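Residues -4 to 77 in our numbering are what the sequence shown spells out, letter by letter. To start, the structure under review is shown below, and the notes come after it.
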Amino acid sequence: MSVITVHRLVDDARRVTVQQGGVTADLGRVYNDADLEEALRRAGLENASEVLDDPEAVSWEGEGPHVWGGGQPRPPGTPVRP
């Protein structure tokens, strides 16, 4: 099973990495749940929305699950402030 890590919030974004078979891939920075799901989909995980709340699949570092810029949760698809 892949281990997905959503790293601490830095400058309104969180870095995402996936570890599988001893190899860690950096998927880049994401700004909300929709961005996260898209990055995971591009990495080959079609059911991303179903695993985001699974602590065995996703490790949320720092602020906790679904917390984005300003320390406040944002619903998926909410635009990031300019």
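Ideal Cβ placement from N, Cα and C applies to all residues, glycine included. It should be emphasised that the depicted structure is a prediction, and the values quoted were computed from it without experimental measurement.
Beta strand (DSSP E) containing residue i: first to last residue?
i: residue 20; result: 18 to 25
i: residue 53; result: 53 to 55
According to DSSP, is residue i helix, strand or coil?
i: residue 8; result: strand
What is the residue span of the alpha helix (DSSP H) that residue i lies within?
i: residue 35; result: 28 to 37
i: residue 45; result: 43 to 46
Mind reading off the beta-carbon distance from residue i to residue j? Whole number of angstroms is fine, and I expect it under 8 Å.
i: residue 38; j: residue 20; result: 7 Å
i: residue 62; j: residue 31; result: Between residue 31 and residue 62 the Cβ distance is about 12 Å, and since that is not below 8 Å, they are no contact.
Apart from the five residues just before and just after residue i, which ones in its own chain have a Cβ nearer than 6 Å to its Cβ?
i: residue 36; result: 43
i: residue -2; result: 14
Any beta carbon of chain C sitting closer than 8 Å to that of residue i?
i: residue 32; result: This model lacks chain C altogether, as it is built from one protein chain only.
Taking 8 Å as the limit between beta carbons, can you name the residues of its chain near residue i, skipping five residues before and five after?
i: residue 47; result: 28, 31, 32, 53, 60 and 61
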